[in-house]
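A short write-up of the structure that comes next.
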Amino acid sequence: MFKAIAFDLDGVITDTANYHYLAWKALGDDLGIPFDRQFNEQLKGISRMASLEKILELGKRTADFSNEQKLALAAKKNTHYLTLIKTISPADILPGISSLLNELKEANIQMVIASASKNAPTILAGLGIQDYFDAIIDPDSLTSGKPDPEIFSQSAQVLGLTPNELIGIEDSEAGIQSINAANMFSVGVGEATSMKLADSRVDSTAELTLDFLKQVFI
175 MFKAIAFDLD
185 GVITDTANYH
195 YLAWKALGDD
205 LGIPFDRQFN
215 EQLKGISRMA
225 SLEKILELGK
235 RTADFSNEQK
245 LALAAKKNTH
255 YLTLIKTISP
265 ADILPGISSL
275 LNELKEANIQ
285 MVIASASKNA
295 PTILAGLGIQ
305 DYFDAIIDPD
315 SLTSGKPDPE
325 IFSQSAQVLG
335 LTPNELIGIE
345 DSEAGIQSIN
355 AANMFSVGVG
365 EATSMKLADS
375 RVDSTAELTL
385 DFLKQVFI
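So the sequence shown is numbered by the numbering used here: it starts at 175 and just counts up by one.
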């Protein structure tokens, strides 16, 4: 039996992907680097600075900015994003997740947020579910982002568990790779093609229940 769940945030607990897209697109437009939602899929699950680098590479402008300027650009995007998510509320919790959190809490299964988002505490507070989680991994404490296993390895460590005692839940390919590399059981949320490396998969968060997790965990 698993003892904890490590949750990604965006796409698993709530969907702030559109807010991220709008904020990055506004920055891209300012820089003369237009991009669409298809390109935005490449930014899923990776850090803010890694996302900025991909956008600058797209526009062939990587060498145009110093590290300090890049930090300022990332901060500008985040300021816009924070403005957009001010309206986030419990109504924005994805289907089935509220029930799952209650089931896990009643079963004394620990929960940790393993997200690249530096705004996870703000988002969880807006959703009204921050008290369910035993820990939130701080992305600033990491040396490598997903698909590196560090964030999930740290999720186990902070709870005093070994990785094989946890299930990791993700909706991005980079996230699934990160879970697998940490030697943790992976559950993917999404289409079979994008979640092909996951140990188990669901089409929707509505399918995530304690019984389902018990059945698939090996």
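Glycine included, every Cβ here is placed at the ideal spot set by N, Cα and C.
It should be emphasised that the depicted structure is a prediction, and the values quoted were computed from it without experimental measurement.
Residue i - DSSP class collapsed to helix/strand/coil
i, result
"D203", "helix"
"A223", "Sequence inspection shows Met at residue 223; the Ala mentioned does not correspond to that position. Reduced to three states, the DSSP call for M223 is helix."
"D238", "helix"
"V332", "helix"
"F181", "strand"
"I267", "strand"
"V394", "In this structure the chain extends from 175 to 392, so residue 394 is not present and cannot be described."
"I262", "coil"
"T367", "coil"
For residue i, the first and last residue of its enclosing beta strand (DSSP E)
i, result
"E344", "340-344"
"G362", "359-363"
"Q284", "284-287"
The alpha helix (DSSP H) enclosing residue i, as first and last residue numbers
i, result
"S374", "First-last for S374: 374-376, but that is the beta strand (DSSP E), not the alpha helix (DSSP H)."
Cβ pair residue i, residue j closer than 8 Å
i, j, result
"A197", "K251", "yes"
"Q284", "A356", "no"
"V313", "A348", "Checking the displayed sequence, the identity of residue 313 turns out to be Pro instead of Val. No, the Cβ-Cβ distance between P313 and A348 is not below 8 Å."
Inter-residue spacing [alpha-carbon to alpha-carbon] between residue i and residue j
i, j, result
"D189", "P323", "23 Å"
"T317", "A290", "12 Å"
"Q216", "N276", "32 Å"
"Q331", "L247", "33 Å"
"Q351", "Y195", "23 Å"
"A380", "I267", "11 Å"
"A309", "K292", "14 Å"
"S368", "F391", "20 Å"
"A224", "Y193", "17 Å"
Review point. Touching or not, the stretch 235-254 and the stretch 200-210, by the rule of three or more beta carbon pairs under 8 Å?
Key: yes
Practice item. Evaluate the contact criterion for the stretch 179-187 versus the stretch 257-274: three or more CB pairs, one atom per stretch, below 8 Å. Key: yes
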